[in-house]
Structure formats: structure tokens, C-alpha cells
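Okay, structure first, notes after.
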Amino acid sequence: MISYKIIIEKSYGKKIEERLELSLVELLYLLEKGKISVRKGKKIMDFKSLMHHGVKLDKRLHEKYIVYRDLRDRGLVVKTGFKFGCDFRVYQRGVKVKKGPKSTVEHTKWIVFATSEDYTCSFAELSRAVRLAHSIRARMLWAVVDNENDVTYYEVLRMKP
Numbered sequence: 003m004i005s006y007k008i009i010i011e012k013s014y015g016k017k018i019e020e021r022l023e024l025s026l027v028e029l030l031y032l033l034e035k036g037k038i039s040v041r042k043g044k045k046i047m048d049f050k051s052l053m054h055h056g057v058k059l060d061k062r063l064h065e066k067y068i069v070y071r072d073l074r075d076r077g078l079v080v081k082t083g084f085k086f087g088c089d090f091r092v093y094q095r096g097v098k099v100k101k102g103p104k105s106t107v108e109h110t111k112w113i114v115f116a117t118s119e120d121y122t123c124s125f126a127e128l129s130r131a132v133r134l135a136h137s138i139r140a141r142m143l144w145a146v147v148d149n150e151n152d153v154t155y156y157e158v159l160r161m162k163p
């Protein structure tokens, strides 16, 4: 198992006083990699049972997890995008996520929206996502998960005529 200190150093979760709060996708990732164990009461949960439990809370958890795993496996720093209205904020390799003033490389590089390949959206929804990314000086990635759990990323840019 991995230590609490290393989990924080690798930008997983959010430290709240003396405890660590992890998102469902972070729990799933660390569990799948054999870095942590998860208990529900006295029962130890495996990956499949945690995913089954999580999908009841978030119908899109499977797609989010596949995208999260792909980004983390590429060595990128991935944080929740909940307060920004997206699925994830992604930082360049090696960036330490911090609050307050940031240098250019410390800013969010991409905001990511994870979807299944059969998902449809309106131009208004797509436009909102691009405007959101632009407002925080990030780029917007639409991550599409196919039936084989492969991820294709589409970068959508704002253009001014």
C-alpha cells in the first residue's frame, strides 16, 4: 500500500485538516493499481464492487473513470473539475497544484468533459464548455469513450471572426 504522504505528493485528493478526501475516480484508480484498500463497514471492496456502488451515485462514472485512468497513465496531473462545471482539470506533468497566484505552467492546461460515444449535445452546450475553458485560460477537451474503452480526445477551440 502507498503512504498518505505519497498520495498527497502525487496530487491525489484534497487534504482537509489531517485527513484526505478522494473522489470516486481517484479511489477506483488507486484501488485498481493496488495502492489502497477500500472498506465499506468491515467488508473490503474490490474494484468491481466499488464501481458498481459508484455507478449508482453517478451514471457517468464509467466514462469518467476510463478518461481519468487514461490521463493519469499518461503522467498528467488530474483533479476534479466539479466547481468549474467540467469533469476534470488537467495540469502538465510535474505541476504541483496550488491555490493563489500561479505561473503560466501552473495553470490548468485543459478542462475535460468525458462522454460515451453515443452522447449527443447541442451547440449551446459545446459553446458553454469552450467559453468556460477560455475564461480560465485553459483549453477544452471532449473525451469520447468508445465501446472498447478506448478514449479519443477532441480539442475544441474558440475562434473569433
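So the sequence shown is numbered by the numbering used here: it starts at 3 and just counts up by one. For glycine and all other residues, C-beta sits at the position ideal for the given N, C-alpha and C. Note that this is a predicted model, so its numbers are computed, not measured.
Pop quiz: residue i and residue j are said to be a contact at Cβ under 8 Å. What is the actual Cβ separation, rounded to whole angstroms?
i	j	result
L22	I10	7 Å
E119	V146	5 Å
V92	T110	7 Å
L59	L33	Contact doesn't hold; Cβ gap of about 16 Å is too wide.
F86	L134	6 Å
Would you tell me roughly how many angstroms separate the C-alpha atoms of residue i and residue j, rounded to the nearest one?
i	j	result
L30	H54	11 Å
Y70	V27	7 Å
L143	T117	11 Å
V57	H136	31 Å
I46	I68	23 Å
F125	E20	44 Å
S39	D75	20 Å
K12	K81	11 Å
Y121	F90	18 Å
A140	L63	24 Å
K17	Q94	21 Å
D152	G36	22 Å
R41	S5	17 Å
On the CB-based measure, 16 or more other CB atoms within 10 Å of its CB, does residue i come out buried or exposed?
i	result
C88	buried
T154	exposed
I113	buried
L78	buried
L73	buried
G15	buried
G83	buried
K50	exposed
S25	buried
K66	buried
On the DSSP letters alone, give me the boundaries of the alpha helix (DSSP H) that residue i sits inside.
i	result
K50	F49 to L59
Y31	L26 to E34
If you follow the beta strand (DSSP E) that residue i is in, where does it begin and where does it stop?
i	result
A145	R141 to V147
Y156	V153 to V158
F90	F90 to Y93
What is the DSSP secondary structure of residue i, counted as helix, strand or coil?
i	result
S164	With the chain represented from 3 up to 163, any question about residue 164 goes unanswered, as that position is not in the structure.
L78	coil
K45	strand
E23	strand
I38	coil
K16	strand
I138	coil
Using a Cβ-Cβ distance cut-off of 8 Å, determine whether residue i contacts chain C.
i	result
I38	This model lacks chain C altogether; it includes just one protein chain.
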